[in-house]
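For reference, the structure is listed below as structure tokens.
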Amino acid sequence: MKVKSKGINDFTKAELEELATNGQVIDVRSTLERFFGKVKGATHVPLMKVSNFDGPKDKTYYVYCASGMRSQRACEELAAKGYKTVNLKGGYGLFTNK
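The sequence shown begins at 1 in full-length UniProt numbering and counts up by one.
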């Protein structure tokens, strides 16, 4: 299953926070990384626990990490389980440098 990608900077902070309010933003970074900043309301699912994710499958999930590499892997794993995903390439580091 092909995973879609979109640049994290394609979204405003408000747009990402709105998606997070709807439970559609997943942060796969470590707890320590989140200490330094996060998208408000994002669901924290560390990469090594993505296989346990059991959210509704009627939504599209926007997944981010620090750079876009781990989130790509998470998207692939979630897509294999039948989820619609978008990898936020560039990651949180790029987003905070807007």
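Note that beta-carbon positions come from the ideal geometry of N, C-alpha and C, so glycine has one too. Here the structure is a predicted model, which means the values were calculated and not measured.
### Task
With DSSP as the reference, label Gly91 as helix, strand or coil.
helix
### Query
Terminal residues of the continuous beta strand (DSSP E) containing Thr31?
Annotation for Thr31: no beta strand (DSSP E) segment contains it, though the alpha helix (DSSP H) segment containing it runs Thr31 to Phe35.
#### Entry: Contact with chain C by Thr60, beta-carbon distance below 8 Å
You won't find chain C in this structure, because it holds only one protein chain.
### Task
Kindly list the residues whose CB is nearer than 6 Å to the CB of Ser5, restricted to its own chain and excluding five residues on each side of it in sequence; keep chain order.
If we look at Ser5 and ignore the five residues flanking it on each side, its Cβ neighbours are Asn87 and Lys89.
### Task
Confirm, please, whether the CB-CB distance from Tyr92 to Arg29 is below 8 Å.
yes
### Task
Grab me the residues of Lys40's own chain with a C-beta within less than 7 Å of its C-beta, minus the 5 sequence neighbours each way, in chain order.
Glu17 and Ala20
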